[in-house]
Structure formats: C-alpha cells, structure tokens
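**Student:** Please read through the structure below; I'll follow up with questions.
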Amino acid sequence: MLQGARHVHISSLNKASRECKIPIKIVELRTSLELLNQDIDALIIPGGESTTMRLTGNSPSSLLLPNLLDWLRNNSNIPVLGTCAGAILLADPQDGKGPLINASIDRNAYGRQINSFQAEVMTKLFDRTFPGIFIRAPRFNSDVPSENIVATCGDEVVGVRKDNKIALTFHPELSGDVAFHRWLIEQAKTIMEG
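26 is the number of the first residue of the sequence shown in this note's numbering; add one for each residue after it.
The structure is reproduced here in structure tokens:
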C-alpha cells in the first residue's frame, strides 16, 4: 500500500474471491511492523512508480521494502503477483541481494505516459489471451529462460514466473479480467491445504 494501483487490486481480489468461492482477508501493508504482525498467505506488489515506492518503502517510518524483500526470500513458497512497478522490484530489488525472479528489466522501456497502450497478451498460464494494459511499462530483457515465460505480447516477453512468483509488465487489475488474481488466491489455498 505504498503507492500505485493498490485499490484496483483490492477490487480485483474481491471479485476473484467471489468467482472462485474462496474467502479472503485483505491486509494493507505500509510498514514492516504490519508485515511482521500479520499472517500473509499471498502478496501483490502493485504497479505505480518504482522510484517513489523505493523512497517510501525504505523510509525510516516504513522500512517495509527491505523487510518485505527479505521476508519474500525467507518465505519462497508464498504466491506473489508483481505488476509493472512490482515487476521492477522483483527483478531489480536494489537491496544488495539477488533478484526474486529470473529476468532483468528496463524501467519505462516503452516510453512516456503518452506511449501507453492496450494489446492482446497470450498467457501460457491460462492457455488463452488476456487484455494487456501497458502504462509507462517496463520491458523484460531477452535473458528470460523460456521455461519462466508465462505471457507474451507478440514477440515480447511480458510475464515471467519463478516458482510461485509472477511478474507482469502490464496491469491485469485494470482489465476487468481477474484470472491472475484468481491464480494468486487459488495458489495460496493450495499451499495452505498442502
């Protein structure tokens, strides 16, 4: 809840919960204390402005970002959905430790706000197309192992998966299609029951 499209993700999670009939409790994280005092079964790192998220999340009043990155490394089975800026933080955490997904990424690679666009995305995860909304989108570099690719837009890799972490360069929460949010909820339930 540091910055970005967080409220739209909450709406998408609630819709996905109703669709898959799995009840959820949404916890809004702003500080490391909130992270450490909650039982977290899945996590969304939303789109927004990664520089602002880094400044806010590393501030002495929050310290959410460094603790969150360490928490993710220590809880590698937790399902994570990182969208746009969230994908940047997963690929390039800038905390002196390695990335959380197998991909490098370039911020704002498609250009300025005026260069934002919508395009059909093909996702192997659901074996179908998905409406991709790209807003000042980052771009994965060509070093993504093929087994980690979960979504493409033409020849471009726009979705990467490592274990239970998915990083997308587009905004699924703005599309009205909650398939990725359902995936997150269903993965969390599977792990809890396992």
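For glycine and all other residues, C-beta sits at the position ideal for the given N, C-alpha and C.
Run through DSSP, which three-state label would Q143 get?
**Tutor:** Looking at Q143 - three-state DSSP - the assignment turns out to be strand.
**Student:** Assuming contact is defined by CB atoms lying nearer than 8 Å, are I158 and I130 in contact in what I supplied?
**Tutor:** No, the Cβ-Cβ distance between I158 and I130 is not below 8 Å.
**Student:** What are the boundary residues of the beta strand (DSSP E) that G157 is part of?
**Tutor:** First-last of the beta strand (DSSP E) with G157: R153 to F159.
**Student:** Does the structure place the stretch 188 to 206 close enough to the stretch 139 to 159 that three or more beta carbon pairs sit under 8 Å?
**Tutor:** Yes, the stretch 139 to 159 is in contact with the stretch 188 to 206.
**Student:** Starting from L93 and walking both ways along the alpha helix (DSSP H), at which residues does that stretch end?
**Tutor:** L89 to N99 is the extent of the alpha helix (DSSP H) around L93.
**Student:** Out of I191, A213, Q212 and T215, which has the shortest C-alpha to C-alpha gap to P71?
**Tutor:** The candidate whose alpha carbon is nearest that of P71 is I191.
**Student:** Between I103 and N173, which are expected to be in contact by the criterion C-beta below 8 Å, what is the C-beta distance as a whole number of angstroms?
**Tutor:** Contact flag wrong, Cβ pair sits at about 18 Å.
**Student:** Between the alpha carbons of G153 and K50, how many angstroms are there, rounded?
**Tutor:** The question names Gly, but residue 153 in the sequence shown is Arg. Computed Cα separation, rounded: 29 Å.
**Student:** Which residues share a DSSP beta bridge with E181?
**Tutor:** DSSP, once it has assigned bridges, lists C178 as partnering E181.
**Student:** May I ask you to list the residues that DSSP assigns as paired with V105?
**Tutor:** Answer by DSSP bridge pairing, in chain order: L68 and K190.
**Student:** How about S279 and R137: do their beta carbons lie closer than 8 Å?
**Tutor:** This structure leaves residue 279 out entirely; the chain is present only between 26 and 219.
**Student:** Taking Cβ to Cβ, would you say M147 is nearer than 8 Å to A176?
**Tutor:** Yes, the pair counts as a contact, with Cβ atoms nearer than the cut-off.
**Student:** Is S141 closer than 8 Å to R161 when the C-beta atoms are compared?
**Tutor:** Result yes, Cβ atoms of R161 and S141 sit closer than 8 Å.
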